[in-house]
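Asks: Let me begin by handing over the structure; questions about it come next.
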Amino acid sequence: MDASTHMVQTPGIGSGGAVGTGLEKCLRRILGSAMALTGAAQGEIRYQDAGQGASGSVSAGADGGHMAGVRPQDGPMLDIPLAAGGDALGSLHLAKRAGAAPFGSADEEIAVELAAVAGVAVESARLQGQVVARERWIDVTSQLTASLMAAAPSANPFTVIADHVAAATKASCAAALIGADSDEPFPASLHDGSPSMQRIGGPLLAKVAKGLPRSAARLDEELLGATTLPAGPALMAELSARHGTLGVFVVVRDPGAPQFSALDQEMLQRFASHAALVIEHLLAQQTLQVRAVHEDRRRIARNLHDLVIQHLFGVGLGLQALSARIQPVNAAAEVASYVDQIDGTIRDIRRSIFALNQPIDDGIGLRSRILNVVTATPFSFEPRVYFDGPVDSAIPDRIHHDILASLGEMLSNAIRHARACSVDVTVSVDLNARRVVLRVRDDGVGWAGPLVAGSGTGNLADRARRLNGTCHVSLAEGGGTQMEWSVPLQGSDASAIDGDPVSGG
Numbered sequence: 001m002d003a004s005t006h007m008v009q010t011p012g013i014g015s016g017g018a019v020g021t022g023l024e025k026c027l028r029r030i031l032g033s034a035m036a037l038t039g040a041a042q043g044e045i046r047y048q049d050a051g052q053g054a055s056g057s058v059s060a061g062a063d064g065g066h067m068a069g070v071r072p073q074d075g076p077m078l079d080i081p082l083a084a085g086g087d088a089l090g091s092l093h094l095a096k097r098a099g100a101a102p103f104g105s106a107d108e109e110i111a112v113e114l115a116a117v118a119g120v121a122v123e124s125a126r127l128q129g130q131v132v133a134r135e136r137w138i139d140v141t142s143q144l145t146a147s148l149m150a151a152a153p154s155a156n157p158f159t160v161i162a163d164h165v166a167a168a169t170k171a172s173c174a175a176a177l178i179g180a181d182s183d184e185p186f187p188a189s190l191h192d193g194s195p196s197m198q199r200i201g202g203p204l205l206a207k208v209a210k211g212l213p214r215s216a217a218r219l220d221e222e223l224l225g226a227t228t229l230p231a232g233p234a235l236m237a238e239l240s241a242r243h244g245t246l247g248v249f250v251v252v253r254d255p256g257a258p259q260f261s262a263l264d265q266e267m268l269q270r271f272a273s274h275a276a277l278v279i280e281h282l283l284a285q286q287t288l289q290v291r292a293v294h295e296d297r298r299r300i301a302r303n304l305h306d307l308v309i310q311h312l313f314g315v316g317l318g319l320q321a322l323s324a325r326i327q328p329v330n331a332a333a334e335v336a337s338y339v340d341q342i343d344g345t346i347r348d349i350r351r352s353i354f355a356l357n358q359p360i361d362d363g364i365g366l367r368s369r370i371l372n373v374v375t376a377t378p379f380s381f382e383p384r385v386y387f388d389g390p391v392d393s394a395i396p397d398r399i400h401h402d403i404l405a406s407l408g409e410m411l412s413n414a415i416r417h418a419r420a421c422s423v424d425v426t427v428s429v430d431l432n433a434r435r436v437v438l439r440v441r442d443d444g445v446g447w448a449g450p451l452v453a454g455s456g457t458g459n460l461a462d463r464a465r466r467l468n469g470t471c472h473v474s475l476a477e478g479g480g481t482q483m484e485w486s487v488p489l490q491g492s493d494a495s496a497i498d499g500d501p502v503s504g505g
């Protein structure tokens with residue numbers, strides 16, 4: 001017998017990939033014993049994982065021991081199956097007995113017994129791999145809970161989940177896919193760091209929800225549409241919560257990589273169920289926190305309205321009555337100016353009350369985006385920004401981009417041409433006229449020329465006309481330039497609480 005026994009291929013058996021040098025050495029010894037006891041000059045043990053289909057072999061003898069080209073007419077052969085627990089795990093092949101003598105019944109009995117031992121060895125390695133894999137999944141699941149609970153409130157939980165799943169399955173990519181019409185507050189995330197949203201239409205969600213096969217040798221590109229996942233072996237698991245399906249978790253390996261095992265599929269679904277419960281818990285906590293903040297805002301708004309405004313309103317009425325009895329004209333005018341200041345303060349407080357009573361939105365409102373545009377403009381001074389009316393709630397989303405783009409152009413004009421030392425930005429919402437007005441005033445050299453097509457100011461006018469609005473440039477009172485851009489609200493259903501501050505409570 002040729003002593004040059006060697007491994008042909010040894011991929012991982014079982015989900016844990018636990019086949020190592022221990023199984024290889026064991027199978028080599030079994031094969032060597034079988035060849036020695038039966039007198040075979042060539043032998044091979046082929047094995048596979050019944051749950052996964054991954055295969056490998058050890059061989060020895062002439063021509064390196066490979067049995068692929070050996071045919072029955074080449075001489076006596078023995079083919080004995082490897083089995084354990086009713087699962088077919090491979091086979092033992094013996095051939096080319098010395099002198100071309102046939103294998104006898106005693107030889108076959110020896111081969112059967114050694115094949116049984118080999119089957120037990122392969123099954124043991126498979127079970128050991130499953131134990132290791134289950135322990136890994138248990139660790140990942142416990143780590144997931146801790147990671148999600150410790151994450152910042154603004155953190156995306158799907159990112160944390162994707163990282164843990166990719167590590168557990170040794171996948172190249174893990175993604176949470178959310179339906180395109182989902183109102184799920186967290187964007188879907190890829191483990192590979194891609195910032196793209198993995199929002200898809202109904203086919204994948206529907207297929208998983210119907211219980212169709214959740215593993216595939218190759219990810220179906222037609223099923224996923226425009227997603228950026230690799231088209232390799234894939235697993236899919238439904239993220240099911242009490243109130244419905246949050247989405248689908250997809251784990252993908254690179255094309256040509258080993259397929260996922262049945263254990264991987266089972267453990268991924270368990271993991272996804274656990275993750276969905278944790279996400280649901282986080283959402284419930286978030287809802288409670290939002291309600292608590294909103295209730296606190298309502299309390300502050302009530303106190304402002306019932307106490308502060310009424311007190312200021314009374315002071316304003318008293319000063320108005322006092323001014324009528326003051327003889328010196330200058331003194332009466334000074335008192336009247338104080339009344340005007342109180343009026344302005346009451347208006348500011350009422351706007352604050354209105355803002356406090358608005359629903360809490362985790363997204364960035366138009367006010368914040370306007371302030372971001374102003375802050376990002378490279379002035380050598382700090383512009384003053386004023387808001388009048390319900391800017392965040394009354395202005396429809398579809399004109400936000402136009403407002404921000406127009407504001408950027410107006411501020412850019414103040415930098416390039418005005419040589420200004422101060423800039424005032426006013427964004428006002430007139431609910432009676434149902435218009436939003438954007439006004440930028442500077443103290444620069446002053447300019448009131450025509451709005452030239454193709455220029456920045458011409459673009460302002462074009463954008464306003466497209467929205468059935470207007471754009472004007474004029475000399476500001478006291479010097480400088482004033483640009484006013486105004487468009488209709490286009491059917492917003494917002495309401496305000498502004499009014500005459502000293503005409504009622």
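Under full-length UniProt numbering, the first residue of the sequence shown is numbered 1, with each subsequent residue one higher. Beta carbons are placed, not taken as given, at the ideal position from N, Cα and C, and that holds for glycine.
Taking I370 as part of the alpha helix (DSSP H), name the residues at either end of that continuous run.
Replies: Looking at the DSSP string, the run of the alpha helix (DSSP H) that includes I370 is 366-376.
Asks: For A420, does the count of other Cβ atoms within 10 angstroms reach 16, so buried, or fall short, so exposed?
Replies: A420 should be labelled buried.
Asks: Using the C-alpha atoms, what's the distance from A125 back to F249?
Replies: Between F249 and A125, the C-alpha separation is close to 29 Å.
Asks: Would you kindly check if the distance between the Cβ of V373 and the Cβ of L322 is under 8 Å?
Replies: No; because the gap between Cβ atoms is not below 8 Å, this pair is not in contact.
Asks: Can you tell me which of Q130, P102, E135, S91 puts its alpha carbon nearest to the alpha carbon of G119?
Replies: Taking only the C-alpha atoms, the option nearest G119 is S91.
Asks: Give the secondary structure of D254 by DSSP, where H, G and I count as helix, E and B as strand, and everything else as coil.
Replies: Reduced to three states, the DSSP call for D254 is coil.
Asks: Just the Cα atoms here: how many angstroms apart are L404 and S486?
Replies: If I take the Cα positions, the gap works out to 13 Å.
Asks: On the DSSP letters alone, give me the boundaries of the alpha helix (DSSP H) that V315 sits inside.
Replies: It spans 310-325 - the alpha helix (DSSP H) in which V315 sits, taken as one unbroken run.
Asks: Under the assumption that D424 contacts R384 (Cβ atoms under 8 Å), give the Cβ distance between them as a whole number of angstroms.
Replies: Confirmed, about 5 Å.
Asks: Just grab the DSSP bridge partners of T481 for me.
Replies: Paired residues: L475.
Asks: List the endpoints of the continuous beta strand (DSSP E) containing Q42.
Replies: Residues 40-48.
Asks: Could you give the distance in angstroms between the alpha-carbon of G22 and the alpha-carbon of L127?
Replies: If I take the Cα positions, the gap works out to 14 Å.
Asks: What is the rounded straight-line gap between the Cα of L489 and the Cα of A376?
Replies: Using only the alpha carbons, I get a separation of about 26 Å.
Asks: Quick check: the Cα distance between A237 and L144, rounded to an integer number of angstroms?
Replies: Whole-angstrom Cα-Cα distance: 17 Å.
Asks: How many angstroms separate the CA atom of S273 from the CA atom of S172?
Replies: Near 22 Å, if we compare the C-alpha coordinates of S172 and S273.
Asks: Can you have a look at I161 and say buried or exposed, based on whether 16 or more other CB atoms are within 10 angstroms of its CB?
Replies: It counts as buried.
Asks: Classify S59: buried if its beta carbon has 16 or more other beta carbons within 10 angstroms, exposed otherwise.
Replies: Label assigned to S59: buried.
Asks: Please check the pair Q43 and H93, which I expect to be a contact at CB under 8 Å, by giving their CB distance rounded to whole angstroms.
Replies: The sequence shown places Gly at residue 43, not Gln. The pair is a contact, with the Cβ atoms about 6 Å apart (cut-off 8 Å).
Asks: Between R465 and R302, what straight-line distance do the alpha-carbon atoms span, to the nearest angstrom?
Replies: So the alpha carbons of these two residues sit roughly 42 Å apart.
Asks: Alpha carbon to alpha carbon, how far is F387 from L312?
Replies: Whole-angstrom Cα-Cα distance: 22 Å.
Asks: When the Cα atoms are used, what is the spatial distance from R298 to D306?
Replies: Whole-angstrom Cα-Cα distance: 12 Å.
Asks: According to DSSP, is A90 helix, strand or coil?
Replies: Note that residue 90 is Gly in the sequence shown here, rather than Ala. Of the three classes helix, strand and coil, the one that applies to G90 here is strand, per DSSP.
Asks: Go ahead and pull the three-state DSSP assignment for D296.
Replies: The answer is helix: DSSP assigns D296 an H, G or I state.
Asks: Can you say whether N413 is buried or exposed, counting buried as having 16 or more other CB atoms within 10 angstroms of its CB?
Replies: Buried, by the Cβ-count rule.
Asks: With burial defined as no fewer than 16 other Cβ atoms inside 10 Å of the residue's Cβ, what is the status of Q265: buried or exposed?
Replies: The residue is buried, with at least 16 neighbouring Cβ atoms inside 10 Å.
Asks: On the DSSP bridge list, what partners appear for M236?
Replies: V250, per the DSSP bridge assignment.
Asks: Please return the same chain residues whose Cβ sits closer than 8 Å to the Cβ of R369, not counting the five positions on each side in sequence.
Replies: Cβ within range, chain order: H400, L404.
Asks: Using the C-alpha atoms, what's the distance from D87 back to R97?
Replies: Taking the straight line joining both Cα atoms gives about 30 Å.
Asks: Of the choices D296, P76, V117, G314, whose alpha-carbon is the least far from that of T38?
Replies: With distances taken between Cα atoms, T38 lies closest to P76.
Asks: Distance, Cα to Cα, E409 vs V437?
Replies: Distance between the alpha carbons of E409 and V437 is about 15 Å.
Asks: Are V251 and A174 touching if we call contact CB-CB under 8 Å?
Replies: For V251 and A174, yes; Cβs fall inside 8 Å.
Asks: How big is the Cα-Cα spacing for P255 and A234?
Replies: Taking the straight line from one Cα to the other gives about 10 Å.
Asks: Bridge partners of L82, per DSSP?
Replies: The partner list for L82 (beta bridge, DSSP) reads G90.
Asks: Check each candidate in S428, R46, S147 and name the one with the smallest Cα separation from V122.
Replies: When each option's Cα is compared against that of V122, the closest is R46.
Asks: Per DSSP, what kind of secondary structure is D430 in: helix, strand or coil?
Replies: D430 falls in the strand class under three-state DSSP.
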